[in-house]
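Enquirer: Input: one structure, supplied below.
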Amino acid sequence: RQVTVQRKEKDFQGMLEYHKEDEALLIRNLVTDLKPQMLAGTVPCLPAYILYMCIRHADYINDDVKVHSLLTSTINGIKKVLKKLNDDFEMTSFWLANTCRLLHCLKQYSGDEGFMTQNTAKQNEHCLKNFDLTEYRQVLSDLSIQIYQQLIKIAEGVLQPMIVSAMLENESIQGLSGVKPTGYRKRSSSMADGDNSYCLEAIIRQMNSFHTVMCDQGLDPEIILQVFKQLFYMINAVTLNNLLLRKDVCSWSTGMQLRYNISQLEEWLRGRNLHQSGAVQIMEPLIQAAQLLQLKKKTPEDAEAICSLCTSLSTQQIVKILNLYTPLNEFEERVTVGFIRTIQAQLQERNDPQQLLLDFKHMFPVLFPFNPSSLTMDSIHIPACLNLEFLNEV
Amino acid sequence: SAQRSRPRVLLKAPTLAEMEEMNTSEEEESP
Chain A
97 RQVTVQRKEK
107 DFQGMLEYHK
117 EDEALLIRNL
127 VTDLKPQMLA
137 GTVPCLPAYI
147 LYMCIRHADY
157 INDDVKVHSL
167 LTSTINGIKK
177 VLKKLNDDFE
187 MTSFWLANTC
197 RLLHCLKQYS
207 GDEGFMTQNT
217 AKQNEHCLKN
227 FDLTEYRQVL
237 SDLSIQIYQQ
247 LIKIAEGVLQ
257 PMIVSAMLEN
267 ESIQGLSGVK
277 PTGYRKRSSS
287 MADGDNSYCL
297 EAIIRQMNSF
307 HTVMCDQGLD
317 PEIILQVFKQ
327 LFYMINAVTL
337 NNLLLRKDVC
347 SWSTGMQLRY
357 NISQLEEWLR
367 GRNLHQSGAV
377 QIMEPLIQAA
387 QLLQLKKKTP
397 EDAEAICSLC
407 TSLSTQQIVK
417 ILNLYTPLNE
427 FEERVTVGFI
437 RTIQAQLQER
447 NDPQQLLLDF
457 KHMFPVLFPF
467 NPSSLTMDSI
477 HIPACLNLEF
487 LNEV
Chain B
8 SAQRSRPRVL
18 LKAPTLAEME
28 EMNTSEEEES
38 P
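Protein chains in written order, with our numbering: chain A, 97 to 490; chain B, 8 to 38.
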């Protein structure tokens with residue numbers, strides 16, 4: 097009887113093999129020379145998955161030198177790109193997403209049961225067999241923090257010049273300019289050249305752009321939330337600091353415009369599903385400052401109301417705003433010294449911080465919660481445009 | 008119960024700063 101032996105096409109096990117001498121080419125094509133636009137339409141964080149599949153093969157053949165070398169070259173390659181393009185939001189966000197994804201892969205496939213709870217049986221087959229890369233995970237986590245800080249610095253650099261004019265100077269509420277304090281010229285202190293003024297729409301457009309880039313690149317949603325909390329903190333701090341230093345914006349009408357602007361920002365956060373980021377809560381001092389400008393400031397009851405409302409502002413800040421408050425016209429009275437003394441007396445028990453201005457450069461510590469992927473390595477396709485034909489699927 | 012594989016070997020890694028230092032000195036050495 098004739099026996100036909102059918103040769104089965106060898107299954108792709110989700111590993112990528114390369115010759116050691118091709119490592120530099122791999123890093124060049126996949127990291128240092130890569131343009132994120134080349135990967136449009138592919139799986140988000142594809143470079144991270146490819147790198148993991150290469151690491152996995154080096155682990156599979158028990159080659160610790162190869163693992164060390166690849167991880168070191170990858171980390172240095174990412175650092176090199178980000179040093180060169182240190183004001184490029186898209187590139188920085190791209191490498192933050194990929195560094196975090198590689199970190200997640202090293203956890204998800206570490207073999208540590210704590211990271212495997214959501215793995216499929218197939219994914220469990222793709223775990224590392226020989227090496228424990230815990231120390232490299234720490235390095236990737238430190239690198240992610242550095243990239244996150246660079247991302248925030250870039251975004252803040254773009255937004256900061258817009259904040260004062262958009263939040264305090266621009267008038268989008270119709271008819272409000274008629275009730276501006278008289279005797280003050282319109283200022284544009286935020287700008288180097290006085291002609292550049294921004295409306296709130298410009299800030300929102302810019303944040304839309306940041307948000308779209310980060311989502312498209314597959315940055316973890318928890319990190320995106322932290323980015324916006326940080327950016328909203330800066331908007332709050334820069335706006336409040338200007339309010340605390342400028343008499344011409346301490347008026348009822350600016351208070352009304354400011355409250356409207358903040359509500360537009362809140363609506364934007366809700367529309368983008370970012371309201372659980374803590375960004376609205378971070379704006380509380382500014383919300384209260386806007387309300388303080390609008391409240392009546394005459395009777396002991398008004399003082400009581402101010403004290404119970406302004407819990408996120410320090411006594412020093414409340415008193416400063418009241419001192420700077422500028423009546424709209426001759427019919428509105430200035431805040432009296434007596435009223436300010438009443439407020440001070442009521443708030444004397446508070447243990448407020450001494451500094452008047454907020455540190456607008458303050459950064460909240462970032463967290464990178466573990467976010468396993470449902471993707472299976474053997475389903476990943478490497479597009480020809482990456483020029484990685486020297487990688488062999490194993 | 009999950010089948011336990013043999014213990015993996017811990018690969019020691021330099022810190023990010025040490026990596027940068029090594030990388031800088033390598034760049035300086037190369038012509």
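Where a beta carbon is used, it is the ideal one built from N, C-alpha and C, also for glycine. Model, not experiment: these values are computed from the prediction.
According to the neighbour-count rule (16 or more other Cβ atoms, all chains shown, within 10 Å of its Cβ), is Pro-461 of chain A buried or exposed?
Expert: By the 10 Å Cβ count, Pro-461 of chain A comes out exposed.
Enquirer: If you drop the 5 nearest sequence neighbours on each side, which residues of the same chain put their C-beta closer than 7 angstroms to that of Glu-186 of chain A?
Expert: Once the five neighbours on either side are set aside, the close Cβ partners of Glu-186 of chain A are Pro-132 and Val-309.
Enquirer: When the Cβ atoms of the segment 400 to 413 of chain A are set against those of the segment 350 to 358 of chain A, are three or more pairs found closer than 8 angstroms?
Expert: No, the segment 400 to 413 of chain A does not touch the segment 350 to 358 of chain A.
Enquirer: Could you give the first and the last residue of the continuous alpha helix (DSSP H) run that contains Asp-155 of chain A?
Expert: It spans 142 to 156 - the alpha helix (DSSP H) in which Asp-155 of chain A sits, taken as one unbroken run.
Enquirer: If you count every other CB in all the chains shown that lies within 10 Å of the CB of Ser-373 of chain A, and 16 or more means buried, which is it?
Expert: Buried, because 16 or more other Cβ atoms sit within 10 Å of the Cβ of Ser-373 of chain A.
Enquirer: The alpha helix (DSSP H) that contains Met-310 of chain A, what's its start and end?
Expert: It spans 296 to 312 - the alpha helix (DSSP H) in which Met-310 of chain A sits, taken as one unbroken run.
Enquirer: For Ser-404 of chain A, is the classification buried or exposed, using 16 other Cβ atoms within 10 angstroms of its Cβ as the cut-off for buried?
Expert: The residue is exposed, with fewer than 16 neighbouring Cβ atoms inside 10 Å.
Enquirer: Can you list the residues of chain B that Glu-231 of chain A reaches, using a CB-CB cut of under 8 angstroms?
Expert: Chain B residues near Glu-231 of chain A: Leu-17, Leu-18, Lys-19 and Ala-20.
Enquirer: Following the continuous alpha helix (DSSP H) through Gly-434 of chain A, name the residue where it begins and the one where it ends.
Expert: Start and end: 433 to 443.
Enquirer: Taking the alpha-carbon positions, what's the Pro-468 of chain A to Gly-110 of chain A distance?
Expert: When rounded, the distance between both Cα atoms is 17 angstroms.
Enquirer: Counting only the same chain and skipping the five closest in sequence on each side, list residues whose C-beta sits under 6 angstroms from that of Met-330 of chain A.
Expert: Glu-252 and Phe-456.
Enquirer: Are any of the Cβ atoms in chain B nearer than 8 angstroms to that of Ala-480 of chain A?
Expert: Answer no: the Cβ-Cβ gap between Ala-480 of chain A and chain B never drops below 8 angstroms.
Enquirer: Considering just the uninterrupted stretch of the alpha helix (DSSP H) at Ser-189 of chain A, what are its terminal residues?
Expert: Looking at the DSSP string, the run of the alpha helix (DSSP H) that includes Ser-189 of chain A is 185 to 204.
Enquirer: If we call anything under 8 angstroms between Cβ atoms a contact, is Val-376 of chain A one with Glu-362 of chain A?
Expert: In contact: Val-376 of chain A and Glu-362 of chain A (Cβ atoms closer than 8 angstroms).
Enquirer: Looking only at its own chain, which residues have a Cβ that is under 7 angstroms from the Cβ of Ala-401 of chain A, when we skip the five neighbours before and after it?
Expert: Leu-391.
Enquirer: Val-161 of chain A and Phe-227 of chain A look like a contact to me (Cβ under 8 angstroms); what is the Cβ gap, rounded to whole Å?
Expert: That pair is no contact at about 11 angstroms.
Enquirer: Closer than 8 angstroms, Cβ to Cβ, to anything on chain B: give me those residues from the segment 231 to 257 of chain A, in chain order.
Expert: Those would be Glu-231, Tyr-232, Gln-234, Val-235, Asp-238, Leu-239 and Gln-242, in chain order.
Enquirer: Under the DSSP definition of a beta bridge, which residues are partnered with Asn-488 of chain A?
Expert: Answer is A:Glu-113, bridged to Asn-488 of chain A.
Enquirer: For Gly-207 of chain A versus Leu-229 of chain A, is the C-beta distance shorter than 8 angstroms?
Expert: Not closer than 8 angstroms, so no.
Enquirer: Between the segment 148 to 179 of chain A and chain B, which residues of the former have CB atoms less than 8 angstroms from a CB of the latter, in chain order?
Expert: Correct list: Asp-160, Val-163, His-164, Leu-167, Thr-168, Ile-171, Asn-172 and Lys-175.
Enquirer: Spell out the partners DSSP gives Asp-46 of chain A in its beta bridges.
Expert: Here chain A comprises residues numbered 97 to 490, so residue 46 of chain A is not present and cannot be evaluated.
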